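If you read the protein sequences in the order shown, they are chains A and B. So our numbering is basically just the index in the first sequence, starting at one, shifted up by 39. So our numbering is basically just the index in the second sequence, starting at one, shifted up by 59. Built from N, CA and C at the ideal position, the CB exists for glycine as well. The structure displayed is predicted, hence computed values, not measured ones. The structure appears below as structure tokens.
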Amino acid sequence: MSIFLQPLQTVTVGSGGASSITFTSIPQGYTDLVVKTSVRSQGTNGTCVMFFNSDTTQSNYSVTRLYGNGSGSSSAAYSAPYFVYSNESNFTSNTFANGEVYIPNYTSSNYKSVISDMVNENNATLGEQFLSAGLWRNTSAITSITIQEAADAGFVQYSKFSLYGVLRQGI
Amino acid sequence: MSMYSIASQTVGSGGASSITFSSIPQNFTHLQLRFFARSTGNGAGGNMSVNYNGDGGNNYTWHNVGGDGGSAFSASIGASNTSANFGWNAGNNQTSGVFGVGIVDILDYTNTNKYKVSRSLNGIDNNGSGLTGIWSGLWLSTAAITSIYVNVNGFAQYSTVQLYGITTA
């Protein structure tokens, strides 16, 4: 029996799509959180924002990112919660980005650090990979998480977001 | 509880040409594959190619971004190839006892509305030089994944590949 990865909530986008998804009333009894994302956008901007506790002021967040697209690599930093990426609508149909966000110590009284790895696949030379380290400059425990496409295009049907709580050994 | 061991294969003396997980249960939401592998072929890499459900057609692609200790790079196999890729492994001409390591997530593997995308964190350190990166792989099929075949141009002894199923709420 393993209890180190406890399923908490899942959101699967229904027909018609969704402008955003939110996990609310996140239990406070775990040590870390994990969000697995299988996501496709209704638009051509694959960048998504992840807000904690309804704090939508993007400058309260930052991220440092390693990026590859099949032919080149780069690194950049942003004052925004760009922790999630979705497949764009102009990428190969039926293809959804595959990603994971790890949020350690989400109930602590420190600022919240985040790490994520995301890939957007495409049957072409262009396909994207992202490795990001992020920060939310807030000491509140995380009780809700909202994810939306940065240009508000929304997510297509069958996009799936799975939230897990992680229990460390000895807790 | 959400993560269950489905199967594990460890290569014995004499090596193995490939590893296949068949009859994968369909009652999980996601799959995770973990590997510790060394190739019996030469060369840094011994890339771990993958095929699903016995499909060896031109229905795959892969991309990566990585670093080799000196610089970062990104690569792609381009469109419509015969396998995807999970990452690098040690070759037979590299330091003895060195293996490549990777963790691969395949999300929504039973969803028949989605092509199947894998995401792999992978690396190998050959006593001071190495490779590390993120790989993505695409199988152009909406079929539920029922088997996974991986190949590194021959697995060396002690290579291990483990398959897990992950549930959701």
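Of all the CB atoms in chain A, is at least one closer than 9 Å to the CB of residue i?
i: Gly159 (chain B); result: no
i: Met107 (chain B); result: no
i: Arg78 (chain B); result: Reading off the sequence shown, one finds Ile at residue 78 (chain B), where the question assumed Arg. Not closer than 9 Å to any Cβ of chain A, the Cβ of Ile78 (chain B) fails to qualify, so no.
i: Gly116 (chain B); result: no
i: Phe95 (chain B); result: no
i: Gly125 (chain B); result: yes
i: Ala202 (chain B); result: no
i: Val11 (chain B); result: Only positions 60 to 228 of chain B appear in the structure, and residue 11 (chain B) is not among them; the question remains open.
i: Ile165 (chain B); result: yes
i: Ser139 (chain B); result: yes
i: Leu197 (chain B); result: yes
i: Thr120 (chain B); result: yes
Any Cβ of chain B within less than 9 Å of the Cβ of residue i?
i: Gln48 (chain A); result: yes
i: Asn108 (chain A); result: yes
i: Ser41 (chain A); result: Because the pLDDT at Ser41 (chain A) is just 48, under 50, the model does not fix this residue reliably, and the point stays unresolved.
i: Gln67 (chain A); result: no
i: Tyr197 (chain A); result: yes
i: Met89 (chain A); result: no
i: Val158 (chain A); result: yes
i: Gln81 (chain A); result: no
i: Gln45 (chain A); result: yes
i: Ala136 (chain A); result: yes
i: Gly55 (chain A); result: no
i: Tyr203 (chain A); result: yes
i: Gly85 (chain A); result: no
i: Leu164 (chain A); result: Contrary to the premise, residue 164 (chain A) reads as Thr rather than Leu in this sequence. Closer than 9 Å: yes.
i: Leu72 (chain A); result: no
i: Gly193 (chain A); result: no
Apart from the five residues just before and just after residue i, which ones in its own chain have a Cβ nearer than 7 Å to its Cβ?
i: Phe43 (chain A); result: Val205 and Leu206
i: Ser77 (chain B); result: Tyr208, Val209 and Asn210
i: Glu188 (chain A); result: Ser80, Gly82, Asn84, Cys87, Ser125 and Phe194
i: Gly128 (chain B); result: Ser188 and Gly189
i: Ser142 (chain B); result: Ser108, Val109, Asn110 and Tyr119
i: Tyr63 (chain B); result: Tyr223 and Gly224
Starting from the beta carbon of residue i, find every residue of chain C whose beta carbon is closer than 7 Å, and list them in chain order.
i: Leu170 (chain A); result: The structure shown contains no chain C; the protein chains it does contain are A and B.
Leaving aside the five residues before and after residue i along the sequence, list all residues of the same chain whose C-beta is less than 6 Å from its C-beta, in chain order.
i: Gln221 (chain B); result: Ser67 and Arg93
i: Ile183 (chain B); result: Trp147, Ala149, Gly159, Gly189 and Leu190
i: Leu105 (chain A); result: Ser114 and Leu170
i: Thr218 (chain A); result: With chain A running from 40 to 210 in the structure shown, residue 218 (chain A) is simply not present.
i: His89 (chain B); result: Leu166 and Ile225
i: Val163 (chain B); result: Leu92, Phe145, Ser177 and Ser179
i: Ala190 (chain A); result: Gly82 and Asn84
i: Val158 (chain A); result: Asn137 and Gln168
i: Met89 (chain A); result: Pro120, Phe122, Val123 and Ile186
i: Thr212 (chain A); result: Residue numbering for chain A in the displayed model covers 40 to 210; residue 212 (chain A) lies beyond these limits and cannot be assessed.
i: Val74 (chain A); result: Val140 and Leu202
i: Glu127 (chain A); result: Ser80, Thr83 and Gly85
Per the DSSP calculation, residue i is bridged to which residue(s)?
i: Val133 (chain B); result: Here residue 133 (chain B) turns out to be Ser, not Val, going by the sequence shown. DSSP output for Ser133 (chain B) lists B:Val124 as bridge partner(s).
i: Tyr121 (chain A); result: According to DSSP, which records beta bridges pairwise, Tyr121 (chain A) is partnered with nothing at all.
i: Ala149 (chain B); result: B:Arg97
i: Leu105 (chain A); result: A:Ser114 and A:Leu170
i: Val209 (chain B); result: B:Ile78 and B:Val109
i: Gly44 (chain A); result: Reading the sequence as shown, one finds Leu at residue 44 (chain A) and not Gly. In DSSP, Leu44 (chain A) forms a bridge with A:Val205.
i: Ala143 (chain B); result: B:Val109
i: Gly224 (chain B); result: B:Tyr63 and B:Leu90
For the beta strand (DSSP E) that contains residue i, what are its first and last residues?
i: Gly204 (chain A); result: Lys199 to Val205
i: Gln216 (chain B); result: Unbroken run through Gln216 (chain B): none, as it is neither H nor E.
i: Ser113 (chain A); result: Ser112 to Tyr117
i: Ser67 (chain B); result: Met62 to Thr69
Please go through the same chain and pick out, in chain order, the residues whose beta-carbon is closer than 8 Å to the beta-carbon of residue i, but skip the five residues on each side of it.
i: Gln216 (chain B); result: Val70, Gly71, Ser72, Gly73 and Gly74
i: Met40 (chain A); result: Confidence at Met40 (chain A) is low in this model, with a pLDDT of 42, below 50, so its placement is unreliable and the value that follows should be read with caution. If we look at Met40 (chain A) and ignore the five residues flanking it on each side, it has no Cβ neighbours.
i: Asn92 (chain A); result: Asn177, Ser179, Ile181, Thr182 and Ser183
i: Pro84 (chain B); result: Ile65 and Gly224
i: Gly137 (chain B); result: Thr120
i: Ser206 (chain B); result: Thr79, Phe80, Ser81, Ser82, Ile83, Tyr111, Asn112 and Gly113
i: Val157 (chain B); result: Arg97, Ala149, Ile183, Asp184, Asn185 and Asn186
Given 8 Å as the limit, tell me if residue i has its C-beta closer than that to any heavy atom belonging to the ligand SAM.
i: Ala172 (chain A); result: Questions concerning the ligand SAM fall outside what the structure shown contains, since it holds no ligand whatsoever.
message: Please give me, in chain order, every unbroken run of the beta strand (DSSP E) with length at least 3 that falls completely inside the segment 155-205 of chain B.
response: 159-166, 175-184 and 189-198
message: Give the list of continuous beta strand (DSSP E) stretches no shorter than 3 residues that lie fully inside the segment 129-190 of chain A.
response: 136-143, 151-159, 167-175 and 184-188
- prompt: Can you list, in chain order, the stretches of the alpha helix (DSSP H) that have 4 or more residues and sit fully within the segment 81-130 of chain B?
  reply: none
- prompt: What are the uninterrupted segments assigned as beta strand (DSSP E) that are 3 or more residues long and contained completely in the segment 49-101 of chain A, given in chain order?
  reply: 59-62, 71-78 and 86-91
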